[in-house]
Amino acid sequence: MSIYDFTAVKPDGSIYPLREYEGKAMLIVNTATKCGLRDQFDGLEKLYQKYEKDGLVVLGFPSDQFAQELDNAEEAEQSCRMTYGVTFPMHDLVKVNGKNADPLFKYLTENSKGLFGSSIKWNFTKFLIDKEGNLVARFSPKDKPETFDQEIQKYLEV
């Protein structure tokens with residue numbers, strides 16, 4: 002099983018394969034617009050703007066699993082774009098833990114460990130995928146995007 006075997010759902014309901022990002026590094030993040038860590042949208046956007054030309058894509062997956070997201074994906078996406086200036090791809094609302102977890106997040110959590118085991122403790126857990134599709138790092142919700150800039154550079158053409 003590879004990251005490229007998964008699909009993602011856009012806020013409008015359309016489905017696409019993550020294979021679209023083959024050859025790019027991905028930073029996959031579970032987000033929430035009402036979370037106390039929402040200032041990280043700014044740092045994520047800065048990373049995306051800084052490294053997009055070098056092959057990084059940031060992928061935001063809003064989740065209301067911690068009761069900190071708007072009612073639907075389209076509202077969450079609009080809030081991210083209008084309030085936080087997000088231009089990176091956003092997706093449909095997902096569950097990140099438990100038996101109803103999105104298959105992508107099941108894969109990510111089963112193949113990485115956080116401070117409290119495999120499950121995602123909170124919003125803004127971040128997963129770094131290299132250009133070959135390998136999960137190479139997991140960052141905690143409190144790890145601000147600017148603190149792992151150098152880690153991302155290792156997997157880009159900079």
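Residues are numbered in the numbering used here as their position in the sequence shown, beginning at 1, plus a constant of 1.
Ideal Cβ placement from N, Cα and C applies to all residues, glycine included.
Tell me where the beta strand (DSSP E) around residue i begins and ends.
i          : result
residue 63 : 57-63
Taking just the CA atoms, how far does residue j sit from residue i?
i           : j           : result
residue 76  : residue 109 : 26 Å
residue 5   : residue 39  : 28 Å
residue 85  : residue 43  : 6 Å
residue 101 : residue 156 : 31 Å
residue 1   : residue 112 : As displayed, the chain neither begins before 2 nor continues past 159, which places residue 1 out of reach and without an answer.
residue 127 : residue 143 : 10 Å
residue 55  : residue 22  : 13 Å
residue 97  : residue 121 : 7 Å
Assuming the contact rule is C-beta atoms closer than 8 Å, residue i and residue j should be a hit. Round their C-beta distance to whole Å, please.
i           : j          : result
residue 107 : residue 25 : Incorrect: roughly 22 Å between the Cβ atoms, too far for contact.
For the alpha helix (DSSP H) containing residue i, list its first residue and its last residue.
i           : result
residue 127 : It is not in any alpha helix (DSSP H) - residue 127 instead sits in the beta strand (DSSP E) that spans 127-130.
residue 106 : 104-111
Counting C-beta neighbours from all protein chains within 10 Å, is the total for residue i 16 or more, i.e. buried, or is it exposed?
i          : result
residue 63 : buried
residue 13 : exposed
residue 91 : buried
Mind pulling the beta strand (DSSP E) runs of 3 or more residues that sit fully within the stretch 5-73?
As far as the stretch 5-73 is concerned, its whole beta strand (DSSP E) runs of at least 3 residues are 8-10, 16-18, 26-32, 57-63.
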